[in-house]
Amino acid sequence: QGQLVESGGGLVQPGGSLRLSCAASGIIFRLYSMGWYRQAPGKQRELVAAAMAKGDTTNYADSVKGRFTISRDNAKNTAYLQMNSLKPEDTAVYYCNAWLHSTNYWGQGTQVTVSS
65 QGQLVESGGG
75 LVQPGGSLRL
85 SCAASGIIFR
95 LYSMGWYRQA
105 PGKQRELVAA
115 AMAKGDTTNY
125 ADSVKGRFTI
135 SRDNAKNTAY
145 LQMNSLKPED
155 TAVYYCNAWL
165 HSTNYWGQGT
175 QVTVSS
């Protein structure tokens with residue numbers, strides 16, 4: 065059974081940076097595409113960034129393009145989300161997702177709060 069564990073969330077001032085990590089276990093990590101989602105209070109969960117299993121294809125929500133970078137280290141079974149120039153509207157619980165065909169795994173989420 066696959067398991068994803070996020071870390072790296074916290075409180076940061078506007079304009080600051082955070083790096084989220086997602087450690088995977090129980091899956092063949094290199095076969096899975098990885099995504100970062102977020103959910104703010106009262107809003108639907110949205111896809112922030114995704115990194116495909118094959119090649120270097122990445123996708124980003126328009127709201128984070130140029131500020132966030134998704135990456136993966138298949139040797140460490142870990143995905144990352146580097147978040148720069150953070151804004152108060154980036155405040156949310158961030159979730160890691162791994163998917164392969166119809167199989168989906170989710171992490172427990174990590175809180176990111178951007179506030180002065």
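Numbering-wise (this note's numbering), the sequence shown opens with residue 65 and increments by one.
Note that the Cβ used here is the ideal one computed from N, Cα and C, for glycine as well.
Excluding the 5 residues preceding and the 5 following residue i in the sequence, name in chain order all residues of the same chain whose CB lies nearer than 6 Å to its CB.
| i | result |
| --- | --- |
| residue 131 | 148 and 149 |
| residue 103 | 109, 156 and 157 |
| residue 73 | 174, 175 and 176 |
Could you pull out every residue in the same chain whose Cβ sits closer than 8 Å to the Cβ of residue i, ignoring the five residues on either side in sequence?
| i | result |
| --- | --- |
| residue 128 | 112, 113, 147 and 154 |
From which residue to which residue does the beta strand (DSSP E) around residue i run?
| i | result |
| --- | --- |
| residue 137 | 132-137 |
| residue 117 | It is not in any beta strand (DSSP E) - residue 117 carries neither H nor E in the DSSP assignment. |
| residue 169 | 167-170 |
| residue 71 | 67-71 |
So what's residue i in DSSP terms, helix, strand or just coil?
| i | result |
| --- | --- |
| residue 102 | strand |
| residue 150 | coil |
| residue 83 | strand |
Going by beta carbon distance, what residues of the same chain come within less than 7 Å of residue i, once the five residues before and after it are set aside?
| i | result |
| --- | --- |
| residue 138 | 93 and 94 |
Checking the sheet assignment: what are the DSSP bridge partners for residue i?
| i | result |
| --- | --- |
| residue 125 | In the DSSP output, where bridge partners are listed per residue, residue 125 has none listed. |
### Task
Flag this pair as touching only if the region 79-94 and the region 156-169 have three or more C-beta atom pairs under 8 Å; answer yes or no.
yes
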